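Chains as they are written, first to last, in this note's numbering: chain A, 1 to 447; chain B, 1001 to 1288.
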């Protein structure tokens, strides 16, 4: 290995952004462990963006681990598979982690089953045509595991008139606390590279970048050793939101994605590392997306860990598996502290988009005593896409949604940097989300 | 001398322009029914849009044209509508008065909060954060977006954080219907006295853990109602108002009092078997 390959430079980055405390040391040395099976699993039918899946099983039916229990409900939708050998207990309305009450399938685990995976044969991906490949991905239930849970086959199905020049693999994991992708890159590096090769066979990108923030030196070294051909591991500065696809593209290529555009406008396709590991495992072993790595962490978590969790596991059981949390826990978040959603109850399941469970103590939760905007301009320096959050916040307070749209609120991807730096504790991002809702509603009405 | 020239020049110019204006006025004259102005003056000037027109002036135009009847204006009083009808020589076209009604009764004394909500103090904001702090997903969040949006001072939050609609002031403009993130408001004729004050879709007594006045979908009201007046759909009773609904039978056996009779004088009347809740303060977690 040459000397250059051992250094973690040059460190690329984007303009603006923030530096929150990392807290990754809580769990970044903990190897991924498997969780024991629990008696009951709850699988919401809409774990992805798009139409909900349509159940193909009946109450009382026995299912095998990895068996398909729901079909895709449309093009922007994926299949759903059983994470255990068991029986369908119920199909009804249950609480979804997003706080809404949505249809879900309940499976009781067969206590005497070996839970050995006896699914499909492995498939040779290189023998498939592109449309067959896309179909396979949809059937495997694969979604973007970064957090948004956008169906992977829709993203990978690039239209004829567009050309993908660069494939970017997102291993930034810029959210504080989370270490799931870090561990994946260390422990599942081979699968990751295999997944990249399979995907690139169908996409035909000239260059593949694996983007990793420099606070994951082990992952960088591991992937540098495994990378070959046109795959390059690039080091990015530790900064939030480095892992947003717009920020990553501008850091690596030095070009900005136009407002309202997609990375594909610059010939870039961005995919999360977890997605590609799952893709490789599907083609290698025939395992559909029935489990994912979740970082269970936080300063009040007794045993912070990275756990391979079957999708549908109740969060209570997962937290108990990690030793539960101490009594001064005041807030539980799904995902990271910057973009994660507050959770009010723990009887909800882990879904495909759950990247972490975070327990915070009262000291770390910012008291929301809102004061007036003092126009200090810190949010302007923080916003990675050069919006004016303070002005937008004032407009939101007055309910001037149309003016907010003129000020490009629709380009905001809700990274939370402005709320983080605001000394007056103004709930900026929340008001932008409300505004986006109103603007979308108004557009729908006008059509 | 020069002052005279100036006067003559300016006077001549004024005269010329005046003549041009007179000609323009004659040539470009648009006839407008003078009654439109009178009728507009008689209307309440609220520009609320409850009549279905963009404001009072377009409504006045349609009244004079005979396209609609004064009864459409729900803001003006009966006498005022009669005055307009008499002036135009038309029928009042009495339409039944509609009021906004809330399909939730889960105030802080009966419904439990699972979490304390901090952030934007509006229902729209709270509903984005895990659906609000309340245990019941469907219930009223109690932050008063409807009170804020009401132009007629008809909605006020009560001591338990539930909006109370003043039937006399409500004009059924529909602003509260639009703003509620939980879609709890609907416009109902005042004569619809039988009312289901719950929107939760869960079945069974589990929901009582979250709210003591929730509908448990037991179906007793549907059984007691005459004919097909009440049917159970999606674990909620649906009242078919096209049938005779002037009966208090269905509310009597409701165990939680989620189907109620809205009496003109007595206000909300619950059935005999519904549990009596006298708790004044907040319902704390763990308390049953």
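The C-beta atom is built at its ideal place from N, Cα and C for all residues, glycine as well. Nothing here was measured: the structure is a model prediction, and the numbers come from that model.
| Item | Value |
| --- | --- |
| Determine the contact status of residue 1213 of chain B and residue 1106 of chain B, defining contact as a CB-CB distance below 8 Å. | yes |
| So residue 16 of chain A is in the beta strand (DSSP E); what residue range does that whole segment cover? | Note, residue 16 of chain A: premise wrong, no beta strand (DSSP E); not H, not E. |
| Mark residue 2 of chain A as exposed unless 16 or more other C-beta atoms lie within 10 angstroms of its C-beta, in which case mark it buried. | Reliability fails at residue 2 of chain A, whose pLDDT of 46 lies under 50, so the model's placement of it is uncertain and no value is given. |
| Quick test of your reading: residue 81 of chain A and residue 144 of chain A, contact by CB under 8 Å. State the CB separation rounded to the nearest angstrom. | With a Cβ gap of about 17 Å, residue 81 of chain A and residue 144 of chain A do not count as contacting. |
| Out of A:354, A:84, A:333, state which residue places its alpha-carbon closest to the alpha-carbon of residue 117 of chain A. | A:84 |
| Would you verify that the beta carbon of residue 427 of chain A is, or is not, closer than 8 Å to some beta carbon of chain B? | yes |
| Give me the DSSP bridge partner(s) of residue 235 of chain A. | A:212 |
| Are the beta-carbon atoms belonging to residue 300 of chain A and residue 228 of chain A less than 8 Å from one another? | no |
| Which chain B residues are close to residue 101 of chain A, counting only those with a beta carbon under 7 Å from its beta carbon? | 1137, 1201 |
| Mind checking whether the beta-carbon of residue 212 of chain A lies closer than 7 Å to any heavy atom of the ligand PLP? | Looking for the ligand PLP in the displayed structure turns up nothing, as the structure carries no ligands at all. |
| Report all residues from its chain with a CB closer than 8 Å to the CB of residue 1164 of chain B; omit the five preceding and five following residues, and keep chain order. | 1155, 1156, 1157, 1158 |
| Residues of chain A with CB under 7 Å from residue 1154 of chain B, in chain order? | Within 7 Å Cβ-Cβ: nothing; residue 1154 of chain B doesn't reach chain A, min ~20 Å. |
| Taking the continuous beta strand (DSSP E) assigned at residue 306 of chain A, which residues delimit it? | 305-310 |
| Is the Cβ-Cβ distance between residue 171 of chain A and residue 181 of chain A less than 8 Å? | yes |
| Just checking: is the beta-carbon of residue 1275 of chain B within a distance shorter than 8 Å of some beta-carbon in chain A? | no |
| Note down the Cα distance separating residue 245 of chain A from residue 298 of chain A, rounded to an integer number of angstroms. | 26 Å |
| With a cut-off of 8 Å, do at least 3 Cβ pairs link the segment 119-128 of chain A to the segment 332-351 of chain A? | no |
| Pick out whichever of B:1037, B:1227, B:1066, B:1166 has its Cα sitting closest to the Cα of residue 1190 of chain B. | B:1166 |
| Could you list which residues in chain A have their beta carbon closer than 8 Å to that of residue 1120 of chain B, in chain order? | 427, 430, 431, 434 |
| Pairing CB atoms from the segment 200-212 of chain A with CB atoms from the segment 365-373 of chain A, are three or more of them under 8 Å? | no |
| Less than 7 Å between C-beta atoms, sequence neighbours within five positions excluded: which residues of the same chain meet that for residue 1235 of chain B? | 1201, 1202, 1203, 1217 |
| Within the continuous beta strand (DSSP E) that includes residue 343 of chain A, where are the two ends? | 341-343 |
| Relative to the C-alpha of residue 173 of chain A, which residue among A:79, A:87, A:355 is closest? | A:355 |
| Look at the Cβ atom of residue 396 of chain A, then the Cβ atom of residue 442 of chain A, and state whether they are nearer than 8 Å. | no |
| Taking Cβ-Cβ distances shorter than 8 Å, what residues in chain B pair up with residue 80 of chain A? | Simply none; closest approach about 22 Å. |
| Can you tell me which of the three DSSP states residue 1280 of chain B falls into? | coil |
| For chain B, is any of its Cβ atoms less than 8 Å away from the one on residue 342 of chain A? | yes |
| From the DSSP output, which residues share a beta bridge with residue 293 of chain A? | A:308 |
| Would a check of beta-carbon distances place residue 1128 of chain B closer than 8 Å to chain A? | yes |
| So what does DSSP say about residue 92 of chain A, is it helix, strand or coil? | strand |
| Per the DSSP calculation, residue 349 of chain A is bridged to which residue(s)? | A:314 |
| Taking only runs of the beta strand (DSSP E) that begin and end inside the segment 215-286 of chain A, which ones reach a length of at least 3 residues, in chain order? | 231-236, 268-272 |
| Under a three-way DSSP split, which group does residue 207 of chain A fall into? | strand |
| Give the residues from the segment 355-369 of chain A that approach chain B closer than 7 Å (Cβ to any Cβ), ordered along the chain. | 368 |
| Would you say residue 284 of chain A lies against chain B (beta-carbon separation less than 8 Å)? | no |
| Anything in chain B within Cβ reach of residue 345 of chain A, meaning under 7 Å, just list it in chain order. | 1114 |
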